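The structure under discussion appears below in the form of structure tokens.
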Amino acid sequence: MTKRRTTPRVRIGRGVNYLTLIVISCVFLGPILWMVLGSVKSDAEILSYPPTLFPSEFKWSNYAQVFELQPFARQFFNSVFVMALVCALTVIVSACAGYAFARVKPLGSSILFLVLLSATFIPPEATIVPLFQLVTSLGWIDTYYPLVIITVFLHSAPIATFILRQAYLGLPKELGESARLDGASDLRIFLTIYTPLVRPSLAAVVVLAGWHSWSQYLEPLIYLRDTEMFTVPLALTQFYDPFAGPMWGIQMAATTLSVLPVLILFLFAQRHVISGLTAGAVKS
Numbered sequence: 079m080t081k082r083r084t085t086p087r088v089r090i091g092r093g094v095n096y097l098t099l100i101v102i103s104c105v106f107l108g109p110i111l112w113m114v115l116g117s118v119k120s121d122a123e124i125l126s127y128p129p130t131l132f133p134s135e136f137k138w139s140n141y142a143q144v145f146e147l148q149p150f151a152r153q154f155f156n157s158v159f160v161m162a163l164v165c166a167l168t169v170i171v172s173a174c175a176g177y178a179f180a181r182v183k184p185l186g187s188s189i190l191f192l193v194l195l196s197a198t199f200i201p202p203e204a205t206i207v208p209l210f211q212l213v214t215s216l217g218w219i220d221t222y223y224p225l226v227i228i229t230v231f232l233h234s235a236p237i238a239t240f241i242l243r244q245a246y247l248g249l250p251k252e253l254g255e256s257a258r259l260d261g262a263s264d265l266r267i268f269l270t271i272y273t274p275l276v277r278p279s280l281a282a283v284v285v286l287a288g289w290h291s292w293s294q295y296l297e298p299l300i301y302l303r304d305t306e307m308f309t310v311p312l313a314l315t316q317f318y319d320p321f322a323g324p325m326w327g328i329q330m331a332a333t334t335l336s337v338l339p340v341l342i343l344f345l346f347a348q349r350h351v352i353s354g355l356t357a358g359a360v361k362s
């Protein structure tokens with residue numbers, strides 16, 4: 079087997095590509111690196127000019143103070159709890175809806191699907207007032223019901239249903255017909271034949287729903303009152319000194335801790351996310 083020789087033009091092209099990737103990576107990773115290094119600096123060093131990249135003295139006490147000034151462990155658990163419920167409910171609802179739109183196709187399903195997709199274009203700010211009145215009338219203020227139910231049915235499930243519908247459409251219908259000839263019920267065909275084959279799309283749905291739930295700020299700000307009930311994005315706004323000045327180092331330490339769950343979730347599911355999002359995009 080002969081080895082192909084690369085021409086100078088090809089090597090220059092590769093070098094330009096690598097250089098471009100390095101520059102783009104620095105643009106995206108720069109703020110994250112600044113946040114992580116700032117989390118172990120003093121406030122004076124963070125605000126010093128000229129700025130320093132590496133801390134002259136590591137101030138690990140910033141991380142301890144995150145838990146001393148706020149019930150951050152409880153607030154962290156609140157976000158994990160809400161995110162887990164949102165992910166589970168989004169997967170169940172969107173898998174059922176996506177399969178129905180792709181395979182069952184009830185009367186008027188095309189119109190219903192367009193109505194469902196239109197929900198994704200409505201900004202959350204446009205519906206916050208009527209939703210607040212509804213939540214108040216139901217007595218759900220200072221509970222997690224609006225953070226879970228409204229998030230799933232208005233924000234996460236519509237786009238997740240679209241993703242899973244495309245994934246189910248990409249599977250051959252002969253699979254279901256063969257199973258039906260063997261006596262399998264519709265529920266069994268859905269659960270044991272089609273759904274296991276769309277695992278990459280389910281992983282993508284989990285990542286998208288988890289990220290959306292974890293980064294929510296407006297809804298917790300509107301619906302939650304008790305500090306013990308706060309989620310992480312709302313808790314990050316509560317680190318102030320006695321003179322109402324921001325505590326930069328402690329805020330960066332809390333922010334660094336807050337990105338870990340979403341980062342871990344993405345690292346475990348990254349193999350499936352791209353293939354899940356593109357499933358059904360190309361039909362054979």
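Heads up: the sequence shown runs through residues 79 to 362, numbered per our numbering. We treat Cβ as the ideally placed atom computed from N, Cα and C, and that holds for glycine. Nothing here was measured: the structure is a model prediction, and the numbers come from that model.
Discussion item. Excluding the 5 residues flanking valine 285 on each side, which residues of the same chain have their C-beta closer than 7 Å to its C-beta?
Written reply: Leu343, Phe344, Ala347, Val351
Worksheet item: Could you give the uninterrupted runs of the alpha helix (DSSP H) lying entirely in the segment 277 to 336, keeping only those of 4 residues or more?
Response: 277 to 292, 296 to 301, 310 to 313, 326 to 336
Item to complete: Inspect the CB distances between the segment 119 to 126 and the segment 315 to 326 and report whether three or more fall short of 8 Å.
Response: yes
Item to complete: Could you tell me the distance, in whole angstroms, from the CA atom of leucine 115 to the CA atom of alanine 257?
Response: About 57 Å.
Worksheet item: If you draw a straight line from the C-alpha of leucine 247 to the C-alpha of valine 169, how long is it?
Response: 17 Å
Worksheet item: Taking the Cβ atom as the reference point for each residue, do glutamine 148 and alanine 313 lie within a distance shorter than 8 Å?
Response: The Cβ-Cβ distance between glutamine 148 and alanine 313 falls below 8 Å.
Discussion item. Whole angstroms are fine: how far does the CA of isoleucine 189 sit from the CA of leucine 99?
Written reply: 43 Å
Fill in: Element boundaries [alpha helix (DSSP H), containing serine 157]
150 to 177
Worksheet item: Which same chain residues, not among the five before or five after valine 213, have their C-beta less than 7 Å away from its C-beta?
Response: Residues Ile219, Pro224, Tyr301 of the same chain have their beta carbon placed closer than 7 Å to that of valine 213, with the five preceding and five following residues left out of the count.
Worksheet item: In chain order, which alpha helix (DSSP H) runs of at least 4 residues are fully inside the segment 225 to 274?
Response: The DSSP assignment places complete alpha helix (DSSP H) segments of no fewer than 4 residues inside the segment 225 to 274 at 235 to 247, 252 to 259, in order along the chain.
Worksheet item: Are the beta-carbon atoms of leucine 232 and alanine 197 separated by less than 8 Å?
Response: In this structure, alanine 197 lies closer than 8 Å to leucine 232 by Cβ.
Fill in: Beta carbon of isoleucine 271 nearer than 8 Å to that of glycine 254
yes
Discussion item. Quick check on DSSP: helix, strand or coil for proline 86?
Written reply: helix
Discussion item. Taking only three categories from DSSP, how would you classify tryptophan 112?
Written reply: helix
Discussion item. With distance defined between alpha-carbon atoms, name the residue in Ala322, Ile241, Thr315 nearest to alanine 173.
Written reply: Nearest C-alpha to alanine 173: Ile241.
Discussion item. Taking the beta carbon of proline 311 as the centre, do at least 16 other beta carbons fall within 10 Å, making it buried, or is it exposed?
Written reply: buried
Worksheet item: For glycine 70 versus methionine 161, is the C-beta spacing smaller than 8 Å?
Response: Coverage of the chain is limited to positions 79 through 362, which leaves residue 70 absent and any answer about it impossible.
Worksheet entry | Where arginine 277 falls, given that 16 or more other Cβ within 10 Å makes a residue buried | exposed
Worksheet item: Beta carbon of alanine 235, beta carbon of valine 171: below 8 Å?
Response: Cβ distance < 8 Å, so alanine 235 and valine 171 count as in contact.
Discussion item. Less than 8 Å between C-beta atoms, sequence neighbours within five positions excluded: which residues of the same chain meet that for leucine 296?
Written reply: Pro202, Glu203, Ile206
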